[in-house]
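Number of protein chains: 2
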Amino acid sequence: MSLPALHVAVVGATGMVGREFFRVLEQREFPVASIRALASERSAGSRLVWRGASLLVEALRPDAFAGVDVALFSAGAGVSRAHAPTAVSAGALVVDNSSAWRMAQDVPLVVPEVNPDDIGLHHGIVANPNCCAIPLTMVLEPLRRRAGLERVLVATYQAASGAGWRLVRELEEQTQALAEGRQPQARHYPRVLAGNVVPGGWREGSNGYNEEEVKIVEETRKILHQPELRIAATCVRVPVAVGHSLAVFVETQRALTAEEAIAVLSAAPGVLVREGDDYPTPAEVAGSDKVFVGRVRRDLSSPCGLACWVVADNLRKGAALNAVQIAERAIRMGALTR
Amino acid sequence: MSLPALHVAVVGATGMVGREFFRVLEQREFPVASIRALASERSAGSRLVWRGASLLVEALRPDAFAGVDVALFSAGAGVSRAHAPTAVSAGALVVDNSSAWRMAQDVPLVVPEVNPDDIGLHHGIVANPNCCAIPLTMVLEPLRRRAGLERVLVATYQAASGAGWRLVRELEEQTQALAEGRQPQARHYPRVLAGNVVPGGWREGSNGYNEEEVKIVEETRKILHQPELRIAATCVRVPVAVGHSLAVFVETQRALTAEEAIAVLSAAPGVLVREGDDYPTPAEVAGSDKVFVGRVRRDLSSPCGLACWVVADNLRKGAALNAVQIAERAIRMGALTR
Chain A
1 MSLPALHVAV VGATGMVGRE FFRVLEQREF PVASIRALAS ERSAGSRLVW RGASLLVEAL
61 RPDAFAGVDV ALFSAGAGVS RAHAPTAVSA GALVVDNSSA WRMAQDVPLV VPEVNPDDIG
121 LHHGIVANPN CCAIPLTMVL EPLRRRAGLE RVLVATYQAA SGAGWRLVRE LEEQTQALAE
181 GRQPQARHYP RVLAGNVVPG GWREGSNGYN EEEVKIVEET RKILHQPELR IAATCVRVPV
241 AVGHSLAVFV ETQRALTAEE AIAVLSAAPG VLVREGDDYP TPAEVAGSDK VFVGRVRRDL
301 SSPCGLACWV VADNLRKGAA LNAVQIAERA IRMGALTR
Chain B
339 MSLPALHVAV VGATGMVGRE FFRVLEQREF PVASIRALAS ERSAGSRLVW RGASLLVEAL
399 RPDAFAGVDV ALFSAGAGVS RAHAPTAVSA GALVVDNSSA WRMAQDVPLV VPEVNPDDIG
459 LHHGIVANPN CCAIPLTMVL EPLRRRAGLE RVLVATYQAA SGAGWRLVRE LEEQTQALAE
519 GRQPQARHYP RVLAGNVVPG GWREGSNGYN EEEVKIVEET RKILHQPELR IAATCVRVPV
579 AVGHSLAVFV ETQRALTAEE AIAVLSAAPG VLVREGDDYP TPAEVAGSDK VFVGRVRRDL
639 SSPCGLACWV VADNLRKGAA LNAVQIAERA IRMGALTR
């Protein structure tokens, strides 16, 4: 891209998504004039690598955003609530990966391949959606455009990295125990994850749903501009390091054959369809930027039903990549400032 | 049980389900007068433990069923097709855990808590259902009786033991590799299972579905006596040793609240409901005889929708236990012989 070079800040720089921000910015040759790595007092003083050089991690303080054009936040909802308005006041566009602002009415929630124009409506903050809502809407939007959406049911297979370093390390320790014939122990997560699948570990939501399931429902509706979309989810954590998978059942308003659905999805930006036994798995697609769709077939239990299997890297397209794409799109739209 | 002692044969005695047969028979004090362990030529000569004594594994030959009252088969569909008729001719009741006879019109397919009376219709063979169809129908039947069934969607999280010793060992080796920082290798299964989830590994079925998904659909309809039931499944193998889990979305004909559904399921035989954060996971319920149901809630995407999470030991209730229960029920019904 030949764009004016910008002053960038990454908040939550030492987290799993934070580190991915640096990798994605570098790989995509984002026009960086300067970059600041911001984190908690605890992480301040540590160092990251940026373009081959050492970058000091600084403590996040209110004056950290002076001169910053783009601030990428991924340090939890509390930090975003406390510091994003400061960054906006300092003149930065905030792309926020936390859930803090996603459902706020004047904050656009954007998947660039799905609802890019919403970026233009921002008042300083653009929210980056939940790591399952991003691949889900990437697959639903082309189907919606072609045939309308009636109802969506999702069961997830979510990687440990969705919960950050702590669960990734806990899973590694538990895997070590399993391999050595010891009993794996749960430390921070409510259940042992190695050799297991856990339909929980998220905070309570409402009506028996956890927060993750509520996010998928509400965010999918907002991104697709379909506030009444009938949609439900069951979220499950699986012993995978990186890569979220979704078993999706969709009812469209008009019937599509499997071949038509495959054609529609194959033409969708950022989506890669794998046919037959070439289905995607998370261990194989981790590190990729695409949303992979396999096992596309008619759901024979409904006249307009489709079933498919969706996999994406939750740290990249599910988080850091999508956020950087939002910033790139804002630049191209001339929508960097309010 | 004070029942006449019987002559029992276990076919496929050295397989994972075969060994579970011996444990279940012993634990339930099945009235065994004598027991024969039958297996392939390759396994013949090895030894099992039965009631604290050593039991010789014999090669399965056509004359193996002389004097046998109950033959429990779990050696694959080919062996069942070849040898079950011989066992029936010799006067045995065959309870067959393979898929060979499940959909045959004159062979009952039975979950004792769901359709016990079907046992009386046998002509020598009673089929034991698929390891996912058993827990699924245990949960669907009480809901069907109370409110009728309209549509069922299932996404599975299936343990390696469902595919036998070979995949369990392969998963162990791969887990070892992961723990040692080596790249796990797929040998027999089409993809690496450790650190991954795999929506395949079953033979091709029809219309884009694999055989496992077709079995769940067809067998559920047959067990519930609802041949037109609208039902679809996506089957996924997960890196778990024992214990199949199912994310289930059910639409009933009449609306049930979550509380009503919980009450109905709590009263169902063989079903254990776990509420709130006490959801079941496979690693925790492996070895149990119950079908565990958690996360029962309204599916807000449908006026008559329910969502829940079902877990059962695939080797016990999903296979050996259910088969032994069929035999016990046949004895009590006086339906051991045609």
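Top line first, the protein sequences correspond to chains A and B.
Taken in order, the first sequence gives residues 1 to 338; the numbers are from our numbering.
Taken in order, the second sequence gives residues 339 to 676; the numbers are from our numbering.
Built from N, CA and C at the ideal position, the CB exists for glycine as well.
Fair warning: this is a prediction, and the values are worked out from it, not measured in the lab.
According to DSSP, phenylalanine 73(A) shares a beta bridge with Val11(A), Asp96(A). Here tryptophan 50(A) carries a strand assignment [DSSP, helix/strand/coil]. Those residues of the stretch 622-652 of chain B placed with their C-beta closer than 8 Å to a C-beta in chain A are Glu622, Gly632, Arg633, Val634, Arg635, Arg636, Asp637, Leu638, Ser639, Ser640, Gly643, Ala645, Trp647, ordered along the chain.
Look at the beta carbons and you see the stretch 574-581 of chain B touching the stretch 615-622 of chain B: at least three pairs across the two are nearer than 8 Å.
By the criterion of at least three beta-carbon pairs nearer than 8 Å, the stretch 265-279 of chain A is in contact with the stretch 136-150 of chain A. Not one beta carbon of chain B lies nearer than 7 Å to the beta carbon of tyrosine 189(A).
Distance check between arginine 316(A) and each of Val24(A), Arg203(A), Arg51(A), Ile216(A) places Val24(A) closest, using alpha-carbon atoms only.
Isoleucine 373(B) is outside the set of residues whose beta carbon lies under 7 Å from a beta carbon in chain A. For serine 245(A), the nearest beta carbon of chain B is closer than 7 Å to its own beta carbon. The DSSP-derived three-state label of leucine 25(A) is helix. Taking 7 Å as the cut-off between beta carbons, the residues of the stretch 222-235 of chain A near chain B are Arg230, Ile231, Ala232, Thr234, in sequence order. About 6 Å separates the Cβ atoms of threonine 424(B) and phenylalanine 403(B), confirming a contact at the 8 Å cut-off.
In chain order, Ala596, Gly614, Arg633, Val634, Arg635, Arg636, Ala645 make up the part of chain B whose C-beta sits under 9 Å from the C-beta of glycine 208(A).
Between the alpha carbons of alanine 100(A) and isoleucine 223(A) lies a distance of about 16 Å.
For the pair of segments examined, the stretch 302-313 of chain A was found to touch the stretch 243-257 of chain A: the number of CB pairs separated by less than 8 Å reaches three. Residues of chain A whose Cβ lies closer than 9 Å to the Cβ of phenylalanine 587(B) are, in chain order, Leu153, Ala155, Ala232, Thr234, Phe249.
Listed in chain order, the non-local C-beta contacts of valine 110(A) below 6 Å within the same chain comprise Asp118, Ile119, Val126, Ile326, local neighbours out to five positions each way being set aside. Boundaries of the alpha helix (DSSP H) harbouring valine 602(B): 596-604, taken from the DSSP string.
In this structure, DSSP gives valine 477(B) a helical state, which the three-state scheme calls helix.
Serine 436(B) places its beta carbon 7 Å or farther from that of glycine 462(B). For glutamine 523(B), there are no C-beta contacts with chain A under 8 Å, since the nearest C-beta of that chain is about 12 Å from it. With a threshold of 7 Å between beta carbons, alanine 323(A) makes no contact with chain B. Scanning the stretch 183-256 of chain A from its first residue to its last, the whole beta strand (DSSP E) runs of 3-plus residues come out as 230-234, 244-252.
The beta carbon of alanine 155(A) lies closer than 6 Å to those of Thr234, Ala247 in the same chain, with the five residues before and after it left out. The bridge partners DSSP lists for isoleucine 134(A) come to none. In the structure shown, phenylalanine 368(B) falls within a coil segment according to DSSP collapsed to helix, strand and coil. In this structure, the CA atom of asparagine 534(B) is about 10 Å from the CA atom of glutamine 158(A). Apart from sequence neighbours up to five positions away, the residues of its chain that approach glycine 429(B) with a beta-carbon distance below 7 Å are Thr675, ordered along the chain.
Closest option to glycine 656(B), judged by alpha-carbon separation, among Gly405(B), Cys470(B), Phe368(B): Cys470(B). Beta-bridge pairing by DSSP links tyrosine 495(B) to Ser583(B). DSSP places arginine 399(B) in the coil class of the three-state scheme, outside both helix and strand.
Membership of valine 623(B) in the alpha helix (DSSP H) is indicated by the continuous run 620-623.
Chain-order list of chain B residues neighbouring proline 282(A): Asn534, Val535, by C-beta distance under 8 Å.
At least one CB of chain A lies nearer than 7 Å to the CB of leucine 516(B). Our two residues, alanine 258(A) and leucine 638(B), have alpha carbons roughly 27 Å apart in a direct line. Residue burial is scored here from C-beta neighbours: serine 499(B) has at least 16 other C-beta atoms within 10 angstroms and is therefore classed as buried.
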